[in-house]
Amino acid sequence: DTEVTQTPKHLVMGMTNKKSLKCEQHMGHRAMYWYKQKAKKPPELMFVYSYEKLSINESVPSRFSPECPNSSLLNLHLHALQPEDSALYLCASSQEKGAGNTIYFGEGSWLTVV
Amino acid sequence: DAKTTQPPSMDCAEGRAANLPCNHSTISGNEYVYWYRQIHSQGPQYIIHGLKNNETNEMASLIITEDRKSSTLILPHATLRDTAVYYCIVRVRGTSYGKLTFGQGTILTVHP
Numbered sequence: 019d020t021e022v023t024q025t026p027k028h029l030v031m032g033m034t035n036k037k038s039l040k041c042e043q044h045m046g047h048r049a050m051y052w053y054k055q056k057a058k059k060p061p062e063l064m065f066v067y068s069y070e071k072l073s074i075n076e077s078v079p080s081r082f083s084p085e086c087p088n089s090s091l092l093n094l095h096l097h098a099l100q101p102e103d104s105a106l107y108l109c110a111s112s113q114e115k116g117a118g119n120t121i122y123f124g125e126g127s128w129l130t131v132v
Numbered sequence: 411d412a413k414t415t416q417p418p419s420m421d422c423a424e425g426r427a428a429n430l431p432c433n434h435s436t437i438s439g440n441e442y443v444y445w446y447r448q449i450h451s452q453g454p455q456y457i458i459h460g461l462k463n464n465e466t467n468e469m470a471s472l473i474i475t476e477d478r479k480s481s482t483l484i485l486p487h488a489t490l491r492d493t494a495v496y497y498c499i500v501r502v503r504g505t506s507y508g509k510l511t512f513g514q515g516t517i518l519t520v521h522p
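One line per chain: the protein sequences are C and G, in this order. FYI, in our numbering the residues of the first sequence are 19 to 132. FYI, in our numbering the residues of the second sequence are 411 to 522.
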């Protein structure tokens, strides 16, 4: 069973709001990822966590703050976002980092910043 | 990571085989070829991957040329539900984080 669960599926937030996106997997995977996908564009990597530690930050603005409270959960805290941050945010996981490990994606959270 | 080139779009008749090509002429010996697809408004779905040998699973077959400079994803009996964007991705083996970098992909439209 390869399932990554993301909540909420849809979120509308104002530019002064603070909100969080949540991701959960129970496959025992030790690597977790956040991707961002703008309309009609391919997904782009934001962050990689490995064994609950931030491994890669792809120069993401500080208004996006990831958190990995345990091996099954990954959060993305959002604060002071801009309308151009509206996108589909995808969470993913894999057994380990490294190219031989297949990455599995959730269905995503649609974010609209107004 | 090696760059991939895919046709922007392809059509296929329902029930026929869909053959999606991918060029990765700069691939090196330690790079995997991965295929994902993304159906509208859903997360990317893993299809198959390979290093050197051809691979087959319940979804598709992956044919990698002997020189590894290109590959073809084969959906043996396409259905309307296979209409999606298909991404061919090369990932460097043994990297510290196994980054998955998406290109523009191929929009496959399966028609009745």
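For glycine and all other residues, C-beta sits at the position ideal for the given N, C-alpha and C.
> Using a beta-carbon distance below 8 Å, is Y69(C) in contact with chain G?
Replying inline: Counting from 1 along the first sequence, the entry for residue 69(C) is found at position 51. It does not; no Cβ of chain G falls within 8 Å.
>> Cβ closer than 8 Å: which chain A residues qualify as neighbours of Q514(G)?
In response: Absent from the structure is chain A; the protein chains it does hold are C and G.
> Counting along the chain, where does the beta strand (DSSP E) carrying E85(C) start and finish?
Replying inline: Position 67 of the first sequence, counting from 1, holds the residue named residue 85(C). 82-88 is the extent of the beta strand (DSSP E) around E85(C).
> Roughly how many angstroms separate the alpha carbons of V520(G) and S419(G), rounded to a whole number?
Replying inline: Within the second sequence, numbered from 1, the residue matching residue 520(G) stands at position 110. Within the second sequence, numbered from 1, the residue matching residue 419(G) stands at position 9. Taking the straight line joining both Cα atoms gives about 11 Å.
>> Using a Cβ distance threshold of 8 Å, determine whether the region 425-437 of chain G contacts the region 495-505 of chain G, with at least three qualifying pairs required.
In response: yes
>> Given a cut-off of 8 Å on the beta-carbon distance, is the pair L92(C) and P84(C) in contact?
In response: In the first sequence, residue 92(C) corresponds to position 74, counting from 1. In the first sequence, residue 84(C) corresponds to position 66, counting from 1. Less than 8 Å divides the Cβ of L92(C) from the Cβ of P84(C).
>> Which same chain residues end up closer than 6 Å to P61(C) when comparing Cβ atoms and leaving out the 5 residues on each side of it in sequence?
In response: The residue labelled residue 61(C) in the question sits at position 43 within the first sequence. Excluding positions up to five away in sequence, the list reads Y53, Q55, L108.
> What does L518(G) touch in chain C if you count any residue whose Cβ is under 8 Å from its own?
Replying inline: Translated into the one-based positions of the second sequence, residue 518(G) becomes position 108. By Cβ distance, chain C contributes nothing, its closest Cβ being about 15 Å from L518(G), past 8 Å.
>> Residues in the same chain with beta-carbon distance under 6 Å from N524(G), minus the five sequence neighbours each way, listed in chain order, please.
In response: Because residue 524(G) is not part of the residues shown, which for chain G are 411 to 522, the question remains open.
>> Which residues does DSSP list as the beta-bridge partners of D421(G)?
In response: Position 11 of the second sequence, counted from the first residue, corresponds to residue 421(G). T519(G).
>> Quick check on R48(C): does DSSP put it in helix, strand or coil?
In response: On the first sequence, residue 48(C) is found 30 positions in, with the first residue counted as 1. Correct three-state label for R48(C): coil.
>> Would T120(C) pass as an interface residue toward chain G - the criterion being a Cβ-Cβ separation below 8 Å?
In response: What you label residue 120(C) is simply residue 102 of the first sequence in a count that begins at 1. Closer than 8 Å to some Cβ of chain G, the Cβ of T120(C) qualifies, so yes.
> Alpha carbon to alpha carbon, what distance is there between K27(C) and Q100(C)?
Replying inline: Locating residue 100(C) in the first sequence gives position 82, where the first residue counts as 1. Locating residue 27(C) in the first sequence gives position 9, where the first residue counts as 1. Cα to Cα, Q100(C) sits roughly 19 Å from K27(C).
>> How far does the beta strand (DSSP E) with V495(G) in it extend, from its first residue to its last?
In response: Numbered from 1 along the second sequence, position 85 holds the residue referred to as residue 495(G). Note, V495(G): beta strand (DSSP E), 494-502.
> Who are the neighbours of G46(C) on chain G, taking C-beta pairs under 8 Å?
Replying inline: Locating residue 46(C) in the first sequence gives position 28, where the first residue counts as 1. Here the premise fails: no neighbours, minimum Cβ distance about 17 Å.
> Does any CB atom of chain C fall closer than 8 Å to the CB of Q452(G)?
Replying inline: Working through the second sequence from its first residue, we reach residue 452(G) at position 42. Cβ-Cβ to chain C under 8 Å: yes for Q452(G).
> Does the beta-carbon of L63(C) have 16 or more other beta-carbons within 10 angstroms, so that it is buried, or is it exposed?
Replying inline: Locating residue 63(C) in the first sequence gives position 45, where the first residue counts as 1. That one is buried.
>> On the DSSP letters alone, give me the boundaries of the beta strand (DSSP E) that G460(G) sits inside.
In response: Taking the second sequence and counting its residues from 1, one reaches residue 460(G) at position 50. Per DSSP, the unbroken beta strand (DSSP E) holding G460(G) starts and ends at 455-460.
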